[in-house]
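Accompanying notes for the structure given below.
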Amino acid sequence: MKIEILSSPEEIGIKLARKLYRRIMLQPKLVVGLATGSTPLPFYSALVSLVSKKPLDLSRITTFNLDEYYPIGRSNCNSYYFFMNKYLFKLLKLNDTQVNLLSGEAKDYHTECKNYEGRIKVVGGIDWQLLGIGVNGHIGFNEPGSEFNSLTRRVRLSGSTIEMNRRFFSNDKIPFYALTMGLKTILSAKDIHLIATGENKSRIVRKLILTKPSKKLPASILKLHHNVTIWLDNASAKLLEVN
Ligand code: PGA
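So my numbering is basically just the index in the sequence shown, starting at one, shifted up by 268.
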C-alpha cells in the first residue's frame, strides 16, 4: 500500500481529482467505483470545479457505487442515490444510463446483487475505485467479520455503523440492512484509492497500517492488492510513526 499524507481533506480532494481527470483523458471509457459519506465530498467538489474550468468529455465513463441502505426509497434524502445525484451526478451532468447504484427499492435483493456483479463484469471490471473507511474498518458496508471472498450482497449493519450514521436520519428510522459490493468485488478493481481524513479516523488508520490482513478489519484486505493508495490528512495520520 502506498501512503500519501497531505495537510487537509481539501488538498487530498484536489490532488486526487486531478489524477482522475488525467485518467479519464487517457481512457475516456474509464469505469469508476464511487463512495458516499462525508469523506469523498472535498474530492467530489474539486472534481466538479476542475471539470467546470477545463471541460472534459465524461459521456463515455461508467460509474458503480459501493453500497446503498436497504430498504430505502431513491427519493429519500438519506439514500445514497439521492446523495450521489446531489453532490456529483447532476453537477457533472452524468446520464442515468452511465451510473450504477444498487437499488434500495429492489424487492428481490438476491437478484439485484447478482445483476450488479453481472453489470460490473460486462463492462470489464472497475478500473479506478474510490473508498472511505468506517471507524470500525469497514469498506463499503463490509462490516468486521465479512469474508474476503464475499460478493455483492445484503448485509446487516453493525451497531457502531448504525450509531455513526443515525445522525443523518433526523425523522426517519435508519435501515438495519444495506446492499454492498463484496470485498472480493472491491479487490477486483485495478486501481484503488482509499481516503481517510480527520482525527476520528486516526486509530483505525494506525490499526490498518499495523495489522496483517484479517476479517476483523475488512479494509486490511487491501494489503493483498498491488495497486492501492491510502490518502491521509495530518489529523488521520497523527498516530503513525512517520509523524
Ligand atoms: P464517512 O464514512 O466518510 O462519513 O466517515 C466512511 C465510511 O463509513 O465508509
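For each residue, glycine too, the CB sits at the ideal point set by N, CA and C.
- A residue is listed when its beta-carbon falls short of 5 Å from at least one non-hydrogen atom of the ligand PGA; in chain order these are 305, 306, 307, 400 and 402.
- Rounded to whole angstroms, the separation of the alpha carbons of residue 454 and residue 374 is 22 Å.
- A direct Cα-to-Cα measurement between residue 413 and residue 283 gives close to 33 Å.
- Boundaries of the beta strand (DSSP E) harbouring residue 336: 335 to 338, taken from the DSSP string.
- Along the length of the stretch 355 to 399, whole alpha helix (DSSP H) runs at least 4 residues long occupy 377 to 390, reported in chain order.
- Taken atom to atom, the span from the alpha-carbon of residue 359 to that of residue 378 is near 32 Å.
- Annotation for residue 403: no alpha helix (DSSP H) segment contains it, and DSSP assigns it neither H nor E.
- Shown here, residue 426 sits in coil according to DSSP, grouped into three states, outside any helix or strand.
- Taking the Cα of residue 391 as reference, the smallest distance to any Cα among 403, 332 and 406 is reached at 332.
- Take the alpha-carbon of residue 381 and the one of residue 421: they are about 5 Å apart.
- For residue 462, no alpha helix (DSSP H) segment is defined; the enclosing uninterrupted segment is the beta strand (DSSP E) at 459 to 464.
- Under the three-state reduction of DSSP output, residue 320 falls in the helix class.
- The beta carbon of residue 444 sits closer than 8 Å to the beta carbons of 424, 425 and 430 from its chain, once the five residues preceding and following it are set aside; these are given in chain order.
- The three-state reading of DSSP puts residue 441 in coil, since its state is none of H, G, I, E or B.
- Here residue 439 is exposed, its C-beta having fewer than 16 other C-beta atoms within 10 Å.
- 300 is the residue among 342, 300, 446 and 506 whose C-alpha sits nearest the C-alpha of residue 394.
- With 16 or more other Cβ atoms inside 10 Å of its own Cβ, residue 449 counts as buried.
- In the same chain as residue 350, and ignoring 5 residues on each side of it, no C-beta atom comes closer than 6 Å to its own.
- Distance from the CA atom of residue 328 to the CA atom of residue 320, rounded to whole angstroms, is 17 Å.
- Inter-segment contact for the stretch 496 to 504 and the stretch 271 to 279 is present: three or more beta-carbon pairs are separated by less than 8 Å.
- In the three-state DSSP reduction, residue 313 falls in the helix class (H, G or I).
- For residue 446, the beta-bridge partners assigned by DSSP are 337 and 423.
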